[in-house]
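Q: Take this structure first; my questions come after.
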């Protein structure tokens, strides 16, 4: 077989695959962090934890800015390539679907399997 392998020593060059994977991985991390935050009774609620809430909202806003190229200088700084319109919408729908489904699955499982309850002594 005559397979070509990626040159691991080559300088980074942004492309559509790199940009999409980067945006998706950021979104997965944000969604995981937001959904897995336990809140009351183990910690303060997410609404009460303003620094965490604002950082999650800021991070998600940053992802949307990168997807839609709202701030071209920011997109250049992150080395995100400009996506075609149809690809941009697909990435946006996948990002929104990931966040919404992660939250919905968490709520459904919490409802059916129950939340951990503190014993009253």
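Residue numbers (our numbering): 53 to 173.
We put the beta carbon where it would ideally sit given N, CA and C, even for glycine.
Assuming residue 146 and residue 76 are in contact, meaning their beta carbons sit under 8 Å apart, how far apart are those beta carbons, in whole angstroms?
A: Indexing the chain shown from 1 puts residue 146 at position 94. Indexing the chain shown from 1 puts residue 76 at position 24. Residue 146 to residue 76, Cβ: 7 Å. Contact.
Q: Assign residue 173 to one of two classes, buried (16 or more other C-beta atoms within 10 Å of its C-beta) or exposed (fewer than that).
A: Within the chain shown, numbered from 1, the residue matching residue 173 stands at position 121. Because residue 173 carries a pLDDT of 48, less than 50, the predicted location of this residue cannot be relied on, and the following value inherits that uncertainty. Classification of residue 173: exposed, given that the 10 Å Cβ count is below 16.
Q: To which residues of the same chain is residue 71 closer than 6 Å at the C-beta, ignoring the five residues directly before and after it?
A: Against the chain shown, residue 71 aligns to sequence position 19. If we look at residue 71 and ignore the five residues flanking it on each side, its Cβ neighbours are 132, 133.
Q: Reducing DSSP to helix, strand and coil, say where residue 59 ends up.
A: Locating residue 59 in the chain shown gives position 7, counting from the first residue. The answer is coil: DSSP assigns residue 59 none of H, G, I, E or B.
Q: Does residue 99 come out as helix, strand or coil in the three-state DSSP assignment?
A: The residue given as residue 99 occupies position 47 in the chain shown. In this structure, residue 99 counts as coil in the three-state DSSP scheme.
Q: On the CB-based measure, 16 or more other CB atoms within 10 Å of its CB, does residue 82 come out buried or exposed?
A: Mapped onto the chain shown, residue 82 falls at position 30. The residue is buried, with at least 16 neighbouring Cβ atoms inside 10 Å.
Q: What would DSSP say about residue 135, mapped onto helix, strand or coil?
A: For the purposes of this step, residue 135 is taken as residue 83 along the chain shown, with counting starting at 1. Per DSSP, reduced to three states, the secondary structure at residue 135 is coil, with no helix or strand assignment.
Q: Do you know how far the Cα of residue 102 is from the Cα of residue 62?
A: Along the chain shown, read from residue 1 onward, the residue named residue 62 stands at position 10. Along the chain shown, read from residue 1 onward, the residue named residue 102 stands at position 50. Going by the C-alpha atoms only, they are around 42 Å apart.
Q: Considering only the beta carbon of each residue, do residue 98 and residue 106 sit closer than 7 Å?
A: One-based indexing of the chain shown puts residue 98 at position 46. One-based indexing of the chain shown puts residue 106 at position 54. Going by C-beta atoms, residue 98 is not nearer than 7 Å to residue 106.
Q: Would you mind sorting residue 86 into buried or exposed? The rule is 16 or more other CB atoms within 10 Å of its CB.
A: Walking along the chain shown from the start, residue 86 turns up at place 34. Buried, since its Cβ has 16 or more Cβ neighbours within 10 Å.
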